[in-house]
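All remarks here apply to the structure that follows.
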Amino acid sequence: MGRLPKRQRVAAYAVIERGDSILLSRLAPRISRTPLWTLPGGGLDHGEDPRTAVVREVHEETGLDATVSEQARVYSLHNPHATHGERLADYHALRIVFEGWVPVDSPPPRVVEVDGSTSEAAWIPLADVADGTVSVTTLVREALADHTAFQRQRLAAYGLIRRDDTVLLTRISPLGHHAGSWTLPGGGVEHGEPPAQALVREVREECGIECTVGGLLDVHDVHFTGTAPHGRQEDFHGVHLVFAATVAADAEPRVAETDGTTDEVAWVPVADIEAGRIEVLDVVRHALSTQP
(Lines of atoms letter the chains of each structure in order from A; the text may use other names.)
(Lines give C-alpha, C1' and ligand atoms only; values in the text may rest on other atoms or scores of the structure.)
Protein backbone atom coordinates (compact mmCIF):
# COMPACT_ATOMS: atom_id res chain seq x y z
CA MET A 241 0.00 0.00 0.00
CA GLY A 242 1.32 3.44 -0.95
CA ARG A 243 1.57 6.45 1.22
CA LEU A 244 -1.70 7.59 2.74
CA PRO A 245 -2.86 11.15 2.10
CA LYS A 246 -1.81 13.50 4.88
CA ARG A 247 -4.51 15.39 6.74
CA GLN A 248 -3.82 17.97 9.39
CA ARG A 249 -6.49 19.67 11.47
CA VAL A 250 -6.16 22.55 13.96
CA ALA A 251 -8.98 22.92 16.45
CA ALA A 252 -9.71 24.94 19.59
CA TYR A 253 -11.57 23.71 22.68
CA ALA A 254 -12.44 24.97 26.14
CA VAL A 255 -12.48 23.44 29.62
CA ILE A 256 -15.51 25.08 31.25
CA GLU A 257 -16.19 24.06 34.84
CA ARG A 258 -18.91 25.16 37.22
CA GLY A 259 -18.77 23.85 40.76
CA ASP A 260 -18.45 20.08 40.50
CA SER A 261 -19.48 19.85 36.84
CA ILE A 262 -17.92 20.37 33.42
CA LEU A 263 -19.61 21.51 30.20
CA LEU A 264 -19.34 18.78 27.55
CA SER A 265 -20.70 18.09 24.08
CA ARG A 266 -21.86 14.66 22.92
CA LEU A 267 -20.50 13.55 19.57
CA ALA A 268 -23.16 12.97 16.93
CA PRO A 269 -24.12 9.32 16.20
CA ARG A 270 -22.53 9.56 12.74
CA ILE A 271 -19.18 10.15 14.48
CA SER A 272 -19.58 7.82 17.47
CA ARG A 273 -22.22 5.10 17.55
CA THR A 274 -21.93 4.82 21.33
CA PRO A 275 -22.40 7.86 23.62
CA LEU A 276 -19.12 9.74 23.73
CA TRP A 277 -18.63 13.21 25.20
CA THR A 278 -15.90 15.74 24.43
CA LEU A 279 -14.92 19.32 25.15
CA PRO A 280 -16.94 21.95 23.29
CA GLY A 281 -14.93 23.29 20.39
CA GLY A 282 -13.94 22.51 16.86
CA GLY A 283 -11.87 23.29 13.81
CA LEU A 284 -10.48 26.72 13.00
CA ASP A 285 -11.62 28.39 9.81
CA HIS A 286 -8.80 29.55 7.55
CA GLY A 287 -7.29 32.72 9.03
CA GLU A 288 -9.44 32.54 12.17
CA ASP A 289 -7.91 33.39 15.55
CA PRO A 290 -8.07 30.37 17.92
CA ARG A 291 -9.77 32.38 20.71
CA THR A 292 -12.40 33.62 18.28
CA ALA A 293 -12.88 30.09 16.99
CA VAL A 294 -13.43 28.50 20.38
CA VAL A 295 -15.96 31.15 21.42
CA ARG A 296 -17.82 30.55 18.17
CA GLU A 297 -17.71 26.77 18.53
CA VAL A 298 -18.86 26.84 22.17
CA HIS A 299 -21.87 28.92 21.16
CA GLU A 300 -22.70 26.63 18.22
CA GLU A 301 -22.44 23.47 20.32
CA THR A 302 -23.91 24.69 23.64
CA GLY A 303 -25.77 27.93 22.95
CA LEU A 304 -23.70 29.65 25.66
CA ASP A 305 -21.53 32.74 25.39
CA ALA A 306 -18.10 31.93 26.77
CA THR A 307 -15.09 33.97 27.76
CA VAL A 308 -11.74 32.23 27.37
CA SER A 309 -8.28 32.66 28.84
CA GLU A 310 -5.38 34.36 27.08
CA GLN A 311 -3.18 31.30 27.50
CA ALA A 312 -3.79 27.75 26.31
CA ARG A 313 -2.28 24.28 26.17
CA VAL A 314 -1.65 22.45 22.90
CA TYR A 315 -2.14 18.71 22.46
CA SER A 316 -0.87 16.80 19.44
CA LEU A 317 -2.41 13.58 18.13
CA HIS A 318 -0.84 11.67 15.26
CA ASN A 319 -2.62 8.65 13.81
CA PRO A 320 -0.86 7.45 10.64
CA HIS A 321 -3.70 5.07 9.79
CA ALA A 322 -6.86 6.96 10.72
CA THR A 323 -10.26 6.27 9.18
CA HIS A 324 -12.15 9.27 7.82
CA GLY A 325 -15.42 8.22 6.30
CA GLU A 326 -14.51 5.39 3.97
CA ARG A 327 -10.91 6.49 3.47
CA LEU A 328 -7.69 6.04 5.38
CA ALA A 329 -5.41 8.96 6.03
CA ASP A 330 -2.23 9.88 7.84
CA TYR A 331 -3.99 12.14 10.35
CA HIS A 332 -2.42 14.81 12.57
CA ALA A 333 -4.60 16.83 14.95
CA LEU A 334 -3.46 19.87 16.92
CA ARG A 335 -5.91 20.70 19.71
CA ILE A 336 -5.60 24.11 21.41
CA VAL A 337 -7.32 23.97 24.79
CA PHE A 338 -8.29 27.15 26.65
CA GLU A 339 -9.82 27.67 30.04
CA GLY A 340 -13.32 29.07 29.61
CA TRP A 341 -16.24 30.28 31.65
CA VAL A 342 -19.84 31.36 31.11
CA PRO A 343 -22.11 33.66 33.15
CA VAL A 344 -23.63 32.02 36.24
CA ASP A 345 -27.14 32.95 35.06
CA SER A 346 -26.70 31.30 31.66
CA PRO A 347 -29.61 29.15 30.43
CA PRO A 348 -29.28 25.36 30.18
CA PRO A 349 -26.94 24.35 27.33
CA ARG A 350 -28.41 23.34 23.98
CA VAL A 351 -27.04 22.62 20.53
CA VAL A 352 -27.49 25.56 18.15
CA GLU A 353 -25.67 24.28 15.07
CA VAL A 354 -27.79 22.11 12.79
CA ASP A 355 -26.24 18.90 11.40
CA GLY A 356 -22.98 19.55 13.22
CA SER A 357 -20.59 17.15 14.86
CA THR A 358 -22.40 17.19 18.23
CA SER A 359 -25.92 16.21 19.14
CA GLU A 360 -26.24 17.26 22.78
CA ALA A 361 -24.67 19.55 25.39
CA ALA A 362 -24.85 19.23 29.17
CA TRP A 363 -23.21 19.94 32.49
CA ILE A 364 -21.66 16.60 33.43
CA PRO A 365 -20.57 15.81 37.01
CA LEU A 366 -16.79 15.58 37.20
CA ALA A 367 -17.19 12.51 39.40
CA ASP A 368 -19.01 10.73 36.55
CA VAL A 369 -16.12 11.52 34.24
CA ALA A 370 -13.53 10.37 36.76
CA ASP A 371 -15.16 6.99 37.48
CA GLY A 372 -16.09 6.23 33.87
CA THR A 373 -19.86 6.52 34.32
CA VAL A 374 -19.79 8.91 31.37
CA SER A 375 -17.58 7.98 28.41
CA VAL A 376 -15.35 10.84 27.28
CA THR A 377 -12.69 11.36 24.65
CA THR A 378 -8.99 11.15 25.40
CA LEU A 379 -8.83 14.92 24.97
CA VAL A 380 -11.16 15.44 27.95
CA ARG A 381 -9.01 13.28 30.21
CA GLU A 382 -5.76 14.89 29.02
CA ALA A 383 -7.11 18.40 29.50
CA LEU A 384 -8.55 17.68 32.95
CA ALA A 385 -5.28 16.10 34.09
CA ASP A 386 -3.48 19.36 33.32
CA HIS A 387 -6.25 21.74 34.38
CA THR A 388 -6.08 23.78 37.58
CA ALA A 389 -8.49 26.45 38.75
CA PHE A 390 -7.41 30.03 38.13
CA GLN A 391 -5.58 31.36 41.19
CA ARG A 392 -6.90 34.71 42.39
CA GLN A 393 -5.84 36.66 45.45
CA ARG A 394 -7.95 39.63 46.54
CA LEU A 395 -7.08 42.27 49.11
CA ALA A 396 -10.11 43.80 50.79
CA ALA A 397 -10.84 46.27 53.58
CA TYR A 398 -13.78 45.79 55.96
CA GLY A 399 -15.16 47.82 58.83
CA LEU A 400 -16.47 46.73 62.23
CA ILE A 401 -19.08 49.40 62.92
CA ARG A 402 -20.94 49.05 66.24
CA ARG A 403 -24.01 50.81 67.61
CA ASP A 404 -25.00 49.77 71.13
CA ASP A 405 -25.54 45.98 70.94
CA THR A 406 -25.75 45.84 67.14
CA VAL A 407 -23.26 45.72 64.28
CA LEU A 408 -23.67 47.07 60.76
CA LEU A 409 -23.81 44.23 58.21
CA THR A 410 -24.49 43.88 54.50
CA ARG A 411 -26.17 40.95 52.77
CA ILE A 412 -24.50 39.41 49.73
CA SER A 413 -26.59 39.51 46.57
CA PRO A 414 -26.91 36.64 44.06
CA LEU A 415 -24.02 38.25 42.14
CA GLY A 416 -21.50 37.49 44.88
CA HIS A 417 -19.87 34.50 46.57
CA HIS A 418 -21.99 33.04 49.43
CA ALA A 419 -25.18 34.77 48.27
CA GLY A 420 -27.66 35.37 51.09
CA SER A 421 -25.03 35.48 53.82
CA TRP A 422 -24.27 38.62 55.81
CA THR A 423 -20.83 40.20 56.06
CA LEU A 424 -19.08 43.36 57.18
CA PRO A 425 -19.38 46.42 54.94
CA GLY A 426 -16.32 46.78 52.74
CA GLY A 427 -14.74 45.32 49.65
CA GLY A 428 -11.78 45.11 47.33
CA VAL A 429 -8.90 47.55 47.48
CA GLU A 430 -8.19 48.97 44.04
CA HIS A 431 -4.64 49.12 42.72
CA GLY A 432 -2.81 52.00 44.41
CA GLU A 433 -5.74 52.81 46.71
CA PRO A 434 -5.03 53.26 50.44
CA PRO A 435 -7.02 50.56 52.32
CA ALA A 436 -8.67 53.09 54.67
CA GLN A 437 -9.90 55.10 51.68
CA ALA A 438 -11.16 51.90 50.07
CA LEU A 439 -13.25 51.19 53.17
CA VAL A 440 -14.76 54.70 53.13
CA ARG A 441 -15.65 54.27 49.45
CA GLU A 442 -17.15 50.81 49.96
CA VAL A 443 -19.27 51.88 52.95
CA ARG A 444 -20.57 54.80 50.90
CA GLU A 445 -21.42 52.51 47.96
CA GLU A 446 -22.93 49.68 50.01
CA CYS A 447 -24.59 51.56 52.85
CA GLY A 448 -25.11 55.10 51.55
CA ILE A 449 -23.38 56.67 54.57
CA GLU A 450 -20.02 58.14 55.47
CA CYS A 451 -17.69 56.44 57.93
CA THR A 452 -14.61 57.39 59.88
CA VAL A 453 -11.91 54.73 59.86
CA GLY A 454 -10.04 53.89 63.05
CA GLY A 455 -7.25 51.47 63.76
CA LEU A 456 -6.56 48.12 62.16
CA LEU A 457 -8.10 45.40 64.34
CA ASP A 458 -6.70 42.31 62.62
CA VAL A 459 -6.01 40.56 59.31
CA HIS A 460 -8.34 37.72 58.32
CA ASP A 461 -8.15 35.43 55.31
CA VAL A 462 -10.17 32.76 53.51
CA HIS A 463 -9.12 30.18 50.92
CA PHE A 464 -11.53 28.11 48.82
CA THR A 465 -12.28 26.96 45.29
CA GLY A 466 -15.58 27.93 43.73
CA THR A 467 -17.38 29.67 40.89
CA ALA A 468 -16.84 33.42 40.81
CA PRO A 469 -19.80 35.77 40.22
CA HIS A 470 -18.77 36.18 36.56
CA GLY A 471 -18.67 32.39 36.09
CA ARG A 472 -14.97 31.54 36.25
CA GLN A 473 -13.86 28.64 38.44
CA GLU A 474 -11.31 30.12 40.85
CA ASP A 475 -8.88 29.01 43.51
CA PHE A 476 -9.64 32.06 45.64
CA HIS A 477 -7.60 33.56 48.47
CA GLY A 478 -9.13 36.58 50.18
CA VAL A 479 -7.00 38.71 52.50
CA HIS A 480 -9.18 40.95 54.69
CA LEU A 481 -7.97 44.02 56.56
CA VAL A 482 -10.47 44.58 59.37
CA PHE A 483 -10.66 48.14 60.68
CA ALA A 484 -12.62 49.69 63.52
CA ALA A 485 -14.93 52.36 62.09
CA THR A 486 -17.69 54.69 63.22
CA VAL A 487 -20.62 56.48 61.61
CA ALA A 488 -22.78 59.39 62.71
CA ALA A 489 -25.28 58.58 65.46
CA ASP A 490 -28.21 59.50 63.18
CA ALA A 491 -26.87 57.69 60.10
CA GLU A 492 -29.53 55.63 58.33
CA PRO A 493 -27.92 52.94 56.13
CA ARG A 494 -29.46 52.01 52.79
CA VAL A 495 -28.22 50.13 49.75
CA ALA A 496 -26.82 52.82 47.48
CA GLU A 497 -25.11 50.73 44.78
CA THR A 498 -27.45 49.11 42.26
CA ASP A 499 -26.68 45.78 40.58
CA GLY A 500 -23.78 45.18 42.96
CA THR A 501 -22.91 42.38 45.36
CA THR A 502 -24.97 43.89 48.22
CA ASP A 503 -28.76 43.72 48.26
CA GLU A 504 -29.54 44.67 51.89
CA VAL A 505 -27.94 46.49 54.81
CA ALA A 506 -29.01 46.47 58.47
CA TRP A 507 -28.03 46.93 62.11
CA VAL A 508 -27.96 43.33 63.33
CA PRO A 509 -28.06 42.37 67.04
CA VAL A 510 -24.78 40.76 68.08
CA ALA A 511 -26.83 38.28 70.12
CA ASP A 512 -28.47 37.00 66.92
CA ILE A 513 -25.04 36.37 65.43
CA GLU A 514 -23.74 34.59 68.51
CA ALA A 515 -26.87 32.42 68.68
CA GLY A 516 -26.63 31.46 65.01
CA ARG A 517 -29.96 33.04 64.11
CA ILE A 518 -28.40 34.82 61.15
CA GLU A 519 -25.97 33.38 58.60
CA VAL A 520 -22.75 35.37 58.58
CA LEU A 521 -19.34 34.91 57.01
CA ASP A 522 -16.43 33.96 59.22
CA VAL A 523 -14.92 37.44 58.94
CA VAL A 524 -17.84 38.80 61.01
CA ARG A 525 -17.24 36.44 63.91
CA HIS A 526 -13.52 37.01 63.64
CA ALA A 527 -13.95 40.79 63.80
CA LEU A 528 -16.28 40.58 66.82
CA SER A 529 -13.74 38.36 68.61
CA THR A 530 -11.18 41.19 68.47
CA GLN A 531 -13.26 43.26 70.91
CA PRO A 532 -14.38 42.45 74.45
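Those letters in the sequence shown? Residues 241 to 532, by my numbering.
C-beta atoms are modelled at their ideal positions from N, C-alpha and C, and glycine is treated no differently.
Rounded Cβ spacing between residue i and residue j (contact assumed at less than 8 Å)
i: residue 390; j: residue 252; result: Actually they do not touch by this definition, with Cβ atoms about 19 Å apart.
i: residue 380; j: residue 279; result: 6 Å
i: residue 268; j: residue 357; result: 6 Å
i: residue 412; j: residue 530; result: Rounded, the Cβ-Cβ distance is 22 Å, inconsistent with contact.
i: residue 220; j: residue 394; result: In the structure displayed, the chain extends from 241 to 532; residue 220 sits before or after that span and is not available.
i: residue 265; j: residue 361; result: 5 Å
Residue range of the alpha helix (DSSP H) that includes residue i
i: residue 375; result: Looking at the DSSP string, residue 375 is not in any alpha helix (DSSP H), and its letter there is neither H nor E.
i: residue 294; result: 290-302
i: residue 513; result: 510-514
i: residue 263; result: Looking at the DSSP string, residue 263 is not in any alpha helix (DSSP H); the run it does join, the beta strand (DSSP E), is 261-267.
i: residue 419; result: Per DSSP, residue 419 belongs to no alpha helix (DSSP H) and is neither H nor E.
i: residue 443; result: 435-447
Residue(s) in a DSSP beta bridge with residue i
i: residue 532; result: In the DSSP output, where bridge partners are listed per residue, residue 532 has none listed.
i: residue 460; result: 480
i: residue 307; result: 341
i: residue 312; result: 338
Endpoints, beta strand (DSSP E) assigned at residue i
i: residue 394; result: 390-403
i: residue 257; result: 246-258
i: residue 407; result: 406-412
i: residue 287; result: Where residue 287 is concerned, there is no enclosing beta strand (DSSP E), given that its DSSP letter is neither H nor E.
i: residue 427; result: 426-428
Next on the checklist: Check whether the region 393-409 and the region 325-334 are in contact - that is, three or more C-beta pairs closer than 8 Å.
Outcome noted: no
Next on the checklist: Across the region 467-482 and the region 256-264, are there enough close Cβ pairs to call them in contact, namely three or more that are closer than 8 Å?
Outcome noted: yes
Checklist entry - Along the chain, which unbroken stretches of the beta strand (DSSP E) at least 3 residues long are found entirely within the region 314-371? => result 327-341, 358-365
Checklist entry - How about the region 423-430 and the region 293-309: do they share at least three Cβ pairs that are nearer than 8 Å? => result no
Item to check | Runs of alpha helix (DSSP H) lying entirely within the region 463-507, each at least 4 residues, in chain order | outcome: none
Checklist entry - Looking at C-beta atoms only, is the number of pairs between the region 308-315 and the region 342-357 that lie closer than 8 Å three or more? => result no
Checklist entry - Taking contact to mean at least 3 C-beta pairs separated by less than 8 Å, is the region 289-299 in contact with the region 366-376? => result no
Next on the checklist: So, does the region 481-493 touch the region 439-450, judging by three or more C-beta pairs under 8 Å?
Outcome noted: yes
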